[in-house]
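In this text, residue positions in the sequence shown follow my numbering: the first is 22, and each later residue adds one. Worksheet: the structure to be examined is printed underneath.
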Amino acid sequence: MAAEREQTSSTPAHATGAVQFVAVDDIASDETFRLRADGDVTRLAESLGCLGQLAPVELRRWPGAASDGPRWQVVAGFRRLAAVRLLALERVLARVHDELADDDAWSLALSEALLHQPLTGDDLVALRERFREKGVASWAEGLVEEALVTSAVAADPRERSHDSPSAGELPVSPGPQSGESVGERGLHPLPGPLPSGERDPGSGAPARAPEDGVDVIEVTPEDLVQELAIRLSALNQDLAMAVEAWKDLPQDGRKLLVEQARYVSALLPFMEGEE
């Protein structure tokens, strides 16, 4: 399995903004920072309608704003915004940046696409050519090239199969009653332990090994730890955003988050006992 890569650039301190609800009509239809098409957002809209929006979109003050028009420009979260519009909602949860330079805005836009929701090989090639043509975000070319290599490796099934670690007596994670996906980079139910060699085929993790075991490639403990640390870090950031808007989240969504947090808490005695 190709492990997710650590973020090589972080958002500058001056680029952080407050999380608040913003009127959809105040957001421009500008696509400067769009990296790919929205695609079908129906399922995402269903998730938002059921659980609410758990991760904010990133907005900055629009440089081309008129005095009587939209004030904000989308930096990241185009699909979430499209889902909100599909639901005909009037407001969207957003992190608002009053001052955000172009390079800092590109850093926000690329960090999610390259590190958490990888672009396809074709998307990456198009993005590289776009940067070269417009002469923007030259610092990101190395990240794009690295993502192209990772994308090619991940596409090869020979690089993706390994055995999962033994589950032992660990508690099983709760999940949504419907079993549906619940959010884009928002809330993802923690999986319960699976039999050896079996993982969710849509997660990029190991799938059930063939009976003869010929195609199984074992993951190293170092790779497993690195991958889990990156995923937990991203999840903690999303959870912090959700807590900031806790009172505005629907009750069902809050209950589900509490259930997942309890599961993680139940794991601590097992983890701390081995330190």
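For glycine and all other residues, C-beta sits at the position ideal for the given N, C-alpha and C.
In whole angstroms, what is the alpha-carbon distance linking residue i and residue j?
| i | j | result |
| --- | --- | --- |
| residue 274 | residue 267 | 10 Å |
| residue 95 | residue 59 | 13 Å |
| residue 243 | residue 253 | 15 Å |
| residue 56 | residue 294 | 44 Å |
| residue 291 | residue 121 | 43 Å |
| residue 166 | residue 106 | 34 Å |
| residue 40 | residue 117 | 6 Å |
| residue 103 | residue 78 | 11 Å |
| residue 128 | residue 114 | 20 Å |
| residue 241 | residue 249 | 13 Å |
| residue 255 | residue 124 | 22 Å |
| residue 261 | residue 132 | 18 Å |
| residue 349 | residue 110 | The structure shown does not extend to residue 349, since the chain spans only 22 to 296, so no value can be given for it. |
| residue 276 | residue 247 | 29 Å |
| residue 284 | residue 53 | 40 Å |
| residue 314 | residue 279 | Past the edges of the chain, shown from 22 to 296, lies residue 314, and the structure says nothing about it. |
| residue 258 | residue 72 | 18 Å |
What three-state label does DSSP hand residue i in the structure shown?
| i | result |
| --- | --- |
| residue 111 | coil |
| residue 88 | coil |
| residue 236 | The pLDDT assigned to residue 236 is 46, lower than 50, so where the model puts this residue is not dependable, and the model offers no usable value. |
Using DSSP bridges, identify the partner residues of residue i.
| i | result |
| --- | --- |
| residue 94 | 81 |
| residue 41 | 115 |
| residue 251 | Bridge partners of residue 251: none, in fact. |
Could you name the residues of the same chain whose beta carbon sits closer than 6 Å to that of residue i, not counting the 5 residues immediately before and after it, in chain order?
| i | result |
| --- | --- |
| residue 108 | 66, 70 |
| residue 89 | none |
| residue 86 | 92 |
| residue 97 | 79, 129, 130, 133 |
| residue 265 | 40 |
Below 7 Å CB to CB, which residues in the same chain sit around residue i once its five sequence neighbours on both sides are set aside?
| i | result |
| --- | --- |
| residue 112 | 42, 43, 44, 45 |
| residue 143 | none |
| residue 83 | 49, 51, 91, 92, 93, 94 |
| residue 47 | 91, 92, 93 |
Nearest by alpha-carbon distance to residue i: which of the options is it?
| i | options | result |
| --- | --- | --- |
| residue 93 | 150, 126, 149, 76 | 126 |
| residue 164 | 265, 146, 79 | 146 |
| residue 74 | 279, 119, 38, 270 | 270 |
| residue 119 | 38, 272, 287, 286 | 38 |
May I ask whether a heavy atom of the ligand HEM can be found less than 6 Å away from the beta carbon of residue i?
| i | result |
| --- | --- |
| residue 64 | Among the ligands in the structure shown, none appear at all, so the ligand HEM cannot be discussed. |
Who are the near neighbours of residue i in its chain, counting only those whose CB is closer than 8 Å to its CB and skipping five residues on each side?
| i | result |
| --- | --- |
| residue 62 | 100, 103, 104, 107 |
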